[in-house]
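Chains as they are written, first to last, in the numbering used here: chain A, 930 to 1217; chain B, 85 to 467; chain C, 288 to 527.
Heads up, the beta-carbon is just placed ideally off N, CA and C, and yes, glycines get one too.
For reference, the structure discussed in these notes is given below.
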Amino acid sequence: MRVFLQSAASGILIGGVYALVGIGLTIIYGVMRVINFAHGELLMVGMYLTWIIFTWLGVDPIVSVALVIPLTFLFGAFLQKSLINRVLNALPQNQILLTIGLGLIISNVVMLIFTSDYKIITTSYSSSTLNFAGLRLSTPLAISLAITSAITTILYLFLLKTDTGQAIRATAQDRDAAQLMGINVKRMSVLAFGIGTALAGTAGALVSPTYYIFPQVGGAFTLKAFVIVVLGGMGSVVGATLGGIVIGVTESLAAVYISSGMKEVFVYVLFLLVLLFKPSGLLGRSRM
Amino acid sequence: MTGACHLKALGPKVLSSLRGSPGRWWLVIAVVVAALLAFPQTMSSPYGLHLMILLFLSVAMGESWNVIGGYCGQYSVGHAAYFGVGSYATLMLLQYKHVAPWWGVWAALVAALVVSLLIGTICFRLRGPYFVLASIAVAEIIRLIVLNWKPFTNGAEGILLADIPALKLGDRVITDWLSKTPFYYLGLALALTTLLVNYLVQHSKLGYYLQAIREDQDAAHSLGINLSLYKNVALAISALFTALSGIFYGLYIGFIDPPSVLGVDLSVQMVLICIIGGIGTNFGPVVGALVLVPLSEALRANILTKLLFAAGVVKESSAVGGFLKENLAHAHVLIYGILVVVVILFMPDGVLGFTKKLVARGARQLSAAPQPLVGGLRGPTGD
Amino acid sequence: MALLEIKHVFKFFGGLAALSDVVCSAEQGKILGLIGPNGSGKTTLFNCITGYYPPSKGEVVFKGQRINGLQPDRVCKLGMARTWQKVRPLAKLTVLDNVMVGALARTNSLKVAREAAMEQLKMVRMERKAHYLAGSLSIGERKKLEVARVLATQAELLLLDEVMGGLNTVESEEIIQLILDIKKRGLTQMVIEHDMKAIMRISDRIVVLNSGEKLAEGSPQQVVENPAVVTAYLGDANVA
């Protein structure tokens, strides 16, 4: 029982990070109807940014989140304006191919600059653990869960209470109607992609003390992000949050009870099951 | 007329003279095939043969994907699953059970067929982007299983072929597989077969139905087309020839591991070969292969870097020069990414479609009378 | 003889009753008009009949056989074909190829299909455009293409969904003549239309739907004089 609780708890911790990634992807899909296959690479960019800030400026990864958020936001906005915007009306297949190509470009440029050598960020607390109700929790992941919760709450309030947030949700619900109401939908797309990128980058920053950093690390995150988003319902922020936790726990339990190498297989099988039997997501919603 | 106008006039004239007489097309093809058959006799460099073999492999992979992706419109980005299942099945049988590949290939094809039926049944219920995602997920599941099933597949270490038994007809040895030449002819046969299969599909009821499904699935359904039957047939054909390509690759290179035959990069490459050339056309994948193979080999062999040095654009001793020499060889995947982006943004119909548009535009500029909207032009609704 | 019988068909989408106890039938060789305000369930009825989705309750009987829940391709093979309210050309195929797809429902030979397709194109007077891309056609031509396509499937019952929608007077007249020609061939038709003049001219019987329920049924004259129909759909001014 203790093993179960322990691995479930670890799963919740990592699930929080997954949730950030998923929320970013779902906002992008919700507002732009674009399936962003480069999402994992955006996370990887966040990781490398954090590493640069850590190595050259000596800033702690958790603290550097404050820098990573605006930088990755700008990067995302730039990508949207220069590339993604052009395929908003193209076939979904072409959109997917474009973002796949974008992902390849990003990961290989990073590889050219930084080489494929694994990089690590070791902080004073990288391997320390907290004691919580008799369970050992990884300190960096526990901190990141706290930060993730804060960010998610702020984001949710932003979407619900502010004018811009509501404009974003309106664009997600009905792009044409929103435009007719005077909302600048082009700017909403830029915002959405920027926010999505910033969330992915932040997730990267938060896991950087506990993961190996290398150019291809994004790939596994992309597919997982999609599983999360489909699980929670494409376009639903709440769904992505819950989906992230579910996937984190599933993965953690699979790693402990079956095998570490095969843990992703269970996530993907869950994905296929959801796609087949409940494609609108476990929560049954497909909107923000 | 000016010189440029003359050239522009030539294009449509050549095309229409070829289009009007299928006999002339067959002549062109016969000449090309004869040249290809004679090639190894004239080429002494094994590298030249290697390049052609890579070309044939790319053509085969592209033409195979084209059946399900180009004609039927189902963009599978998980086709490496069939490539890997084919190569792993054959090489495992050869290396561990000493089953000669010309027997092992049948088991491998059955395995690929079973996998394709499984994937089809699961994934074809899904539309558009969901289908793409599911195809990737399935390929990843297969890759992870192969990676982790160490006693069976040797996991991450892959399978290194000791040797291939000699191919004998009675007592006479046809080949012992020690040079590149037998692989050249095998590869040529594979590429030509996939081209033929594409042609036959396109000019059959199957082809019409697949394209109807691609254009509008619901309309096709209401016109008497059994969607799941035809999609699965297309996928099966595509899977079989992709598996054959994988088997060929495994035998030729002599080494396979999960990333090289089951990775997402490989799946993307197959799609790329088709979309660069022109999706849904018979020769599109050939054009795509003709673009991709020289480009990636040029990068790998540092030819591009040497050219830049020779042209004096970059000095070999400079920092940029050193950087290029070190790293450009690994950049061929980067080029794939850039090519995908460029093609999607500027040439969604691929090189063939782009050329057709140029040629048609040239023809229109010359004649006063309005041209019929035939060929690669878009209708007024832009769809 | 009733070729198609719709017996107490209901269709629910969640809590919404899109069709409520609809009863009607199409007589062989005749034209049944189906009219009603937007959202009254006309296209939903077509979708239920052709298998796009099954009815929630009730029966659809075609040529004496219950066809509830059959897939659209099976329904087509049995002899029923439909056109679409929002036209669905197979855009990247030529006009001839489009109709051939329909013809291939009855033959495996491309040659036979091509001849049959050309015949249908001649019937809708589009043979000159045989080698044009379907995506390049005007709306009127696309509608005619859909009719040619369903004719090529050798359907005995044609379901035409607003096949005159968006057409000018000349084009509409062409379609009306086409529908009457099809009737002369002995085929049965069920026509959804908003153009009252056209419906009055071509229909042998008319069924009126309103909010998913059958409001009225009868000869064109009976329906047009029915006060409930006038209130719900036609408006108080006299429609000649």
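- Bounds of the alpha helix (DSSP H) holding residue 237 of chain B are 234 to 237.
- Sorting B:277, B:202, B:246 by C-alpha distance to the C-alpha of residue 143 of chain B places B:277 at the top.
- Spanning the alpha carbons of residue 1164 of chain A and residue 377 of chain B requires a straight line of approximately 40 angstroms.
- The count of Cβ pairs closer than 8 angstroms, one atom from the stretch 1138 to 1157 of chain A and one from the stretch 1023 to 1040 of chain A, reaches three, so the stretches are in contact.
- Under a criterion of Cβ atoms nearer than 8 angstroms, no residue of chain B is adjacent to residue 1017 of chain A; the nearest Cβ is some 12 angstroms distant.
- The DSSP assignment places 444 to 448, 475 to 479 as complete runs of the beta strand (DSSP E) inside the stretch 438 to 490 of chain C, in order along the chain (cut-off: 3 residues).
- Counting only runs of at least 4 residues, the stretch 321 to 348 of chain B fully encloses the following alpha helix (DSSP H) elements, listed from N- to C-terminal order: 342 to 346.
- Chain B has no Cβ within less than 9 angstroms of the Cβ of residue 1143 of chain A.
- With 16 or more neighbouring CB atoms inside 10 Å of its own CB, residue 1069 of chain A falls in the buried class.
- If you draw a straight line from the Cα of residue 343 of chain B to the Cα of residue 110 of chain B, it comes to about 40 angstroms.
- At a Cβ-Cβ threshold of 9 angstroms, residue 321 of chain B and residue 151 of chain B count as neighbours.
- For residue 405 of chain C, the closest C-alpha among the options C:394, C:396, C:390, C:395 is that of C:390.
- The continuous beta strand (DSSP E) containing residue 1061 of chain A extends over residues 1058 to 1061.
- The shortest C-alpha to C-alpha distance from residue 1041 of chain A to any of B:427, B:416, B:355, B:379 is the one to B:416.
- Linking residue 184 of chain B to residue 256 of chain B through their CA atoms gives a straight-line distance of about 17 angstroms.
- Considering only beta carbons, the part of the stretch 191 to 214 of chain B lying closer than 7 angstroms to chain A consists of 206, 209, 210, 212, 213, 214, in chain order.
- Counting only the Cα atoms, residue 993 of chain A lies some 58 angstroms from residue 306 of chain B.
- With fewer than three CB-CB distances shorter than 8 angstroms, the stretch 254 to 271 of chain B does not count as touching the stretch 358 to 367 of chain B.
- Just measuring C-alpha positions, the residue of A:1150, A:1098, A:1202 sitting nearest residue 1177 of chain A is A:1150.
- Look at residue 1093 of chain A here: in three-state DSSP terms it is helix.
- According to DSSP, residue pairing for residue 294 of chain C in a beta bridge involves C:346.
- Following the DSSP letters along the chain, one finds residue 1153 of chain A in no beta strand (DSSP E) but inside the alpha helix (DSSP H) bounded by residues 1147 to 1161.
- For residue 504 of chain C, the enclosing beta strand (DSSP E) has its first and last residue at 500 to 505.
- At a beta-carbon threshold of 7 angstroms, the residues of chain C lying near residue 308 of chain B are 360, 363, 364, 392, 440, ordered along the chain.
- Taking 4 residues as the shortest admissible run, the stretch 256 to 328 of chain B contains the following complete alpha helix (DSSP H) segments, listed from N- to C-terminal end: 265 to 286, 289 to 299, 301 to 306.
- Scanning its chain for C-beta atoms nearer than 6 angstroms, with the 5 sequence neighbours on each side dropped, one finds around residue 372 of chain C the residues 330, 448, 449, in chain order.
- For the stretch 156 to 214 of chain B, the full-length alpha helix (DSSP H) segments reaching 4 residues or more read 164 to 181, 185 to 207 along the chain.
- Taking the CA atoms as reference points, residue 351 of chain C sits about 17 angstroms from residue 317 of chain C.
- Residue B:233 holds the alpha-carbon nearest to the alpha-carbon of residue 1189 of chain A among B:333, B:396, B:233, B:295.
- Per the Cβ contact rule, the stretch 456 to 473 of chain C is not in contact with the stretch 391 to 398 of chain C (fewer than 3 Cβ pairs under 8 angstroms).
- Against residue 369 of chain C, the close residues of chain B are 306, in the order they occur along the chain (beta-carbon pairs closer than 7 angstroms).
- The Cβ atoms of residue 251 of chain B and residue 186 of chain B sit closer than 9 angstroms to each other.
- The contact set of residue 961 of chain A on chain B, defined by CB atoms closer than 7 angstroms, is empty, because the minimum CB distance reaches about 13 angstroms.
- Residue 295 of chain C counts as exposed, since fewer than 16 other C-beta atoms from the protein chains shown sit within 10 angstroms of its C-beta.
- Across the stretch 311 to 330 of chain B, CB contacts with chain C closer than 8 angstroms involve 311, in sequence order along the chain.
- Ranked by Cα distance from residue 237 of chain B, the first of B:166, B:171, B:211, B:285 is B:171.
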